[in-house]
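For reference, the structure discussed in these notes is given below.
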Amino acid sequence: QFILSSVSKTGGHLASNLGVVELTLAMHYVFDFKTDKLLWDVGHQCYTHKIITGRKADFTKLRRHDGISGFPNPAESIYDQFVVGHAGTAIATAIGMAIGQLQRQKNDKIVALVGDASIVNGISFESLNNLGLVKRQLLIVLNDNSMAIDATQGAMAKYFSKVRLSQTYEDLRKTTRNILEHMPLIGKSVEEAIERIKKSIRMALPASQMFESLNIPYFGPVDGHDIGSLIRLFDALSHLNHPAILHVYTKKGKGFTPADDDPRRFHSTGPFKINGDAIEASDATRRSFTTVFGECLTELASKDDRIVAITSAMCDGTGLGKFRERFADRFYDVGIAESAAVDIAAGLAKSGARPVVCIYSTFLQRSFDQILQEVAMQNLPVIFCIDRAGVVGSDGPTHHGLMDIGFLRMMPNMVLVAPADEVELKLALEFALGENKPVALRYPKDFVPSSEFDRSPCAQPFEMGKSVVVKSSADSLIAIVAYGSPLTEA
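Position 490 of the sequence shown, counted from 1, bears residue number 848 in our numbering, the numbering being contiguous throughout.
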């Protein structure tokens with residue numbers, strides 16, 4: 359109720375946090391994270407963790423200036439280990455901390471909380487492959503809610519879905535709960551109970567085979583909202599002297615019907631009424647760059663069947679909802695796999711398509727090498743549509759889009775365009791489609807500027823390296839040069 363009440367006033371990541379309340383409380387009940395280490399993957403689901411670690415009063419300024427971050431931040435609390443906000447990092451950093459603890463002869467417990475959307479990330483798989491480096495306790499909690507920003511994609515998502523929907527899973531869940539309810543919290547019986555759970559899982563579910571083929575003991579899946587069973591299981595697993603994975607199934611948005619019914623809408627939300635209605639802003643009739651981009655790309659795709667859209671687990675966030683509905687056979691969501699998205703686009707371009715990679719600026723930097731090697735050096739006509747360019751405000755430093763101009767300008771053959779308004783955004787897309795080289799368009803998380811002055815000079819086709827004079831005066835001694843959306847302020 360406190361999370362719901364707070365986020366309804368400030369906005370924030372609601373559905374994800376409602377889904378991990380019991381899971382977070384159970385972890386904190388068993389582990390002492392003043393000394394034990396809790397590593398968050400992405401970290402947007404950390405609100406319960408922050409509430410019970412001394413930051414409840416600060417939620418009036420959640421994600422606001424001089425307030426607390428919506429993500430873990432060691433500057434706020436000793437309970438936070440890393441400033442995080444991107445996917446795939448928790449297992450690798452946990453491995454490093456576990457090895458460091460062993461070398462320093464310390465025995466703090468280490469827990470990494472990873473979502474089902476993050477565990478398919480390349481860094482996560484690389485880390486699982488290196489988990490054998492750890493010769494001590496390390497618990498990976500796989501929080502499976504079948505969602506990222508959008509629904510999870512790919513073979514692993516389908517795999518986990520089959521596990522959740524199977525009758526075997528239902529039978530096993532009941533068996534596991536029965537074992538846990540009769541399991542003492544200490545002693546040899548704990549080890550015996552763990553072996554019974556492992557044996558029943560190994561015989562029943564293929565999920566265990568996938569992880570145990572990597573020599574990683576697997577437990578689950580278990581109900582992530584059954585706090586009693588979670589406490590018993592966490593206590594038992596805390597005594598292991600080797601790494602293990604606990605697979606928990608949670609419901610994103612649990613406890614608030616509108617978020618339960620539409621977790622995508624309430625993944626990250628602005629202020630809203632408790633009945634689920636958004637608070638209507640005074641500028642609600644204005645359109646965002648994201649919306650305009652989606653409409654323009656869909657219109658252009660209706661005239662050019664070479665256009666293919668690719669995104670990384672953020673279809674709606676990048677404005678591709680209408681494109682996906684209309685051109686499902688030309689839309690690909692590769693999940694949280696930005697590097698793969700770029701290389702897939704390179705292959706499409708090499709085959710004669712016009713791939714459009716739609717991604718947030720902060721996540722594009724995760725694919726630097728692929729942009730350089732497979733796109734720019736090959737001079738392939740891949741179009742990068744970079745949303746959330748510039749300062750993004752409430753999501754904080756891990757999400758600001760401040761690096762794209764710097765690293766894209768160093769790329770050979772790359773053309774970088776920053777449209778100033780709705781007219782220029784459409785012209786920029788048309789320009790990019792006409793170029794036989796990589797082109798990147800960057801635009802902010804903001805509304806398109808209103809027409810406060812004569813924009814007709816901007817309504818002419820783009821010419822490479824040429825600017826336009828929007829306003830002039832014969833007796834002026836000052837020249838103001840604007841790039842992109844700051845044109846209105848200039």
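C-beta: ideal position from N, C-alpha, C; glycine also.
CA-to-CA distance, phenylalanine 651 to valine 775, given in whole angstroms
Numbered from its first residue, the sequence shown carries residue 775 at position 417. Numbered from its first residue, the sequence shown carries residue 651 at position 293. The straight-line gap from Cα to Cα measures roughly 14 Å.
Between Leu785, Gly582 and Val469, which has its C-alpha nearest leucine 658's C-alpha?
Position 300 of the sequence shown, counted from the start, is the residue given in the question as residue 658. Taking each of Leu785, Gly582 and Val469 in turn and checking the Cα distance to leucine 658, the smallest one comes out for Leu785.
Nearest candidate by alpha-carbon position, reference threonine 676, set Ser834, Ala415, Ser646 and Val606
Position 318 of the sequence shown, counted from the first residue, corresponds to residue 676. Comparing Cα positions, the closest option is Ser646.
Measure the alpha-carbon distance for glutamate 484 versus glutamine 723 and round it to whole angstroms.
Here the question's residue 484 lines up with position 126 in the sequence shown. Here the question's residue 723 lines up with position 365 in the sequence shown. Looking at the two C-alpha atoms, the distance is approximately 19 Å.
Under the DSSP definition of a beta bridge, which residues are partnered with alanine 671?
Taking the sequence shown and counting its residues from 1, the one referred to as residue 671 is at position 313. Its beta-bridge partners do not exist; DSSP assigns none.
Relative to the C-alpha of valine 365, which candidate in Val580, Glu847, Lys631 and Cys654 has its C-alpha closest?
For this step, residue 365 is matched to residue 7 along the sequence shown. It is Lys631.
Considering Cα atoms alone, identify which of Pro807, Pro796 and Leu760 is closest to alanine 848.
By 1-based counting over the sequence shown, the position of residue 848 is 490. Ranking the options by Cα distance to alanine 848, first place goes to Pro807.
Does the beta-carbon of leucine 588 have 16 or more other beta-carbons within 10 angstroms, so that it is buried, or is it exposed?
Working through the sequence shown from its first residue, we reach residue 588 at position 230. The residue is buried, with at least 16 neighbouring Cβ atoms inside 10 Å.
What's the C-alpha gap between leucine 604 and leucine 500?
For the purposes of this step, residue 604 is taken as residue 246 along the sequence shown, with counting starting at 1. For the purposes of this step, residue 500 is taken as residue 142 along the sequence shown, with counting starting at 1. Rounded to whole angstroms, the gap between the alpha carbons of leucine 604 and leucine 500 is 6 Å.
For histidine 605, the residue or residues it bridges with in DSSP
As a working mapping, residue 605 is identified with position 247 in the sequence shown. In DSSP, histidine 605 forms a bridge with Leu500.
Bridge partner(s) assigned by DSSP for phenylalanine 429:
The residue you call residue 429 lines up with position 71 of the sequence shown. None, per the DSSP bridge assignment.
Per DSSP, what kind of secondary structure is serine 366 in: helix, strand or coil?
Along the sequence shown, one-based indexing puts residue 366 at 8. It is helical.
Can you tell me whether DSSP reads cysteine 816 as helix, strand or coil?
Within the sequence shown, the letter at position 458 stands for residue 816. Cysteine 816 falls in the helix class under three-state DSSP.
Please report how far the alpha carbon of aspartate 745 lies from the alpha carbon of leucine 787, in whole angstroms.
Start at 1 with the first residue of the sequence shown, and residue 745 comes out as number 387. Start at 1 with the first residue of the sequence shown, and residue 787 comes out as number 429. Their backbone Cα atoms lie some 14 Å apart in a straight line.
Identify the continuous alpha helix (DSSP H) that holds alanine 707 and give its terminal residues.
Along the sequence shown, read from residue 1 onward, the residue named residue 707 stands at position 349. Its alpha helix (DSSP H) spans residues 696 to 708.
Which runs of the beta strand (DSSP E) fall wholly inside the region 580 to 628 and span at least 3 residues, in chain order?
601 to 607
Is the region 578 to 598 touching the region 382 to 400 in the sense that three or more CB pairs, one from each, lie closer than 8 Å?
yes
Whole angstroms is fine: what's the gap from aspartate 613's alpha carbon to proline 629's?
As a working mapping, residue 613 is identified with position 255 in the sequence shown. As a working mapping, residue 629 is identified with position 271 in the sequence shown. One detail in the question is off: residue 613 reads as glycine in this sequence, not aspartate. Cα-Cα distance, rounded: 18 Å.
Neighbourhood of leucine 799 by C-beta, 6 Å cutoff - its chain only, sequence neighbours within 5 removed:
In the sequence shown, the residue the question calls residue 799 occupies position 441. Around leucine 799: Cys743, Val775 and Ala786.
Which residue or residues does DSSP assign as beta-bridge partners of alanine 798?
In the sequence shown, counting from the first residue as 1, residue 798 sits at position 440. Phe742 and Leu774, per the DSSP bridge assignment.
Please state the DSSP three-state secondary structure of serine 646.
For this step, residue 646 is matched to residue 288 along the sequence shown. In this structure, serine 646 counts as strand in the three-state DSSP scheme.
I'd like to check one pair, isoleucine 741 with lysine 790: are the Cβ atoms closer than 8 Å?
Taking the sequence shown and counting its residues from 1, one reaches residue 790 at position 432. Taking the sequence shown and counting its residues from 1, one reaches residue 741 at position 383. At residue 790 the sequence reads alanine, which differs from the lysine that was named. Cβ atoms of alanine 790 and isoleucine 741: closer than 8 Å.
Can you give me the Cβ contacts of serine 831 inside the same chain, cut-off strictly under 6 Å, excluding the 5 residues immediately before and after it?
Position 473 of the sequence shown, counted from the start, is the residue given in the question as residue 831. Once the five neighbours on either side are set aside, serine 831 has no close Cβ partner at all.
Can you tell me where the alpha helix (DSSP H) holding glycine 473 begins and where it ends?
As a working mapping, residue 473 is identified with position 115 in the sequence shown. Under the DSSP assignment, glycine 473 falls outside any alpha helix (DSSP H), being part of the beta strand (DSSP E) whose first and last residues are 468 to 473.
Assumed close pair cysteine 716, leucine 678 - CB separation to whole angstroms, cut-off 8 Å
Counting from one through the sequence shown, the residue named residue 716 turns up at place 358. Counting from one through the sequence shown, the residue named residue 678 turns up at place 320. Sure, about 6 Å apart at Cβ, within 8 Å.
Less than 7 Å between the CB of proline 430 and some heavy atom of the ligand ATP, yes or no?
With respect to the ligand ATP, the structure offers nothing, as it holds no ligand at all.
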